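The sequence shown begins at -16 in this note's numbering and counts up by one. For glycine and all other residues, C-beta sits at the position ideal for the given N, C-alpha and C. Please read these numbers as outputs of a predicted model, since none were measured by experiment.
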Amino acid sequence: MNITEKILARASSKDNVEPGDVQFANIDKIMLHDVSGPGVIKTFEKLEKDGVIKVDKLFDPSMIWVTEDHFVPSVDKISAENIVKLSKFTNKFGITKHFKYGMGQYGICHTMSHEEGLVSPGELYVGGDSHTNTTGALGAFACGLGHTDVAYAML
């Protein structure tokens, strides 16, 4: 098996996986930022409004990390409101890895994964950003997902 297959096999509790297999894999880490986070929050709100599920807890808040790195400092009202939404969200669900703008020497989310030791080799990592796969350079299986997929991964 290649490295991707080995990571997916481990995350799926399988001895072996092959191309074409359908796997139900356990995700090790999830990343949100100030652009994708509000979309995930909106997805949760819609799920509750439509009576699909009441989101009162996340699967494992310790596997989630949040960063403010795209529109900071905020240049408009919407960007500022999104930062407030993220803070309320992380507080509500007990997400302790919230890297707030101006509260440290943090870079963009795609470098923080290794600068802060948030993702390790061999892990299955997803993030709410199309560039998440750059963390594959660390030996992780990294994949960018949309708001709905990230929301469901957190449940």
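Residue range of the unbroken alpha helix (DSSP H) whose run includes residue i
i     : result
Y135  : 130 to 137
H97   : 92 to 98
A(-8) : -14 to -6
K71   : 60 to 76
G22   : 19 to 32
Limits of the unbroken beta strand (DSSP E) element including residue i
i    : result
L15  : 12 to 16
G110 : 107 to 110
Burial state of residue i (16 or more Cβ within 10 Å)
i    : result
M95  : buried
A134 : buried
D17  : buried
N149 : This structure leaves residue 149 out entirely; the chain is present only between -16 and 138.
H130 : buried
M86  : exposed
T118 : buried
F7   : exposed
Length of the line joining the Cα atoms of residue i and residue j
i      : j     : result
V102   : K29   : 30 Å
V5     : L128  : 18 Å
G34    : T26   : 12 Å
G3     : S(-5) : 14 Å
I(-14) : G122  : 8 Å
H97    : D59   : 30 Å
S62    : E1    : 43 Å
C126   : S57   : 27 Å
G159   : F124  : Only positions -16 to 138 of the chain appear in this structure, which leaves residue 159 out of reach.
Identity of the residues DSSP links to residue i by a beta bridge
i    : result
F54  : According to DSSP, F54 bridges with nothing at all.
H81  : V49
A8   : In the DSSP output, where bridge partners are listed per residue, A8 has none listed.
G127 : G110
Check: Are the region 103 to 120 and the region 3 to 16 in contact at 8 Å, needing three or more beta carbon pairs?
Finding: The region 103 to 120 makes contact with the region 3 to 16; the number of CB pairs closer than 8 Å reaches 3 or more.
Notebook entry, point to check: Is the region 35 to 46 close to the region 88 to 96, with three or more CB pairs under 8 Å?
Noted result: Here the region 35 to 46 makes no contact with the region 88 to 96; the two share fewer than three CB pairs at distances below 8 Å.
Checklist line | At least 3 beta-carbon pairs within less than 8 Å: the region 61 to 76 vs the region 17 to 27 | finding: Yes: the two stretches touch, three or more of their Cβ pairs being nearer than 8 Å.
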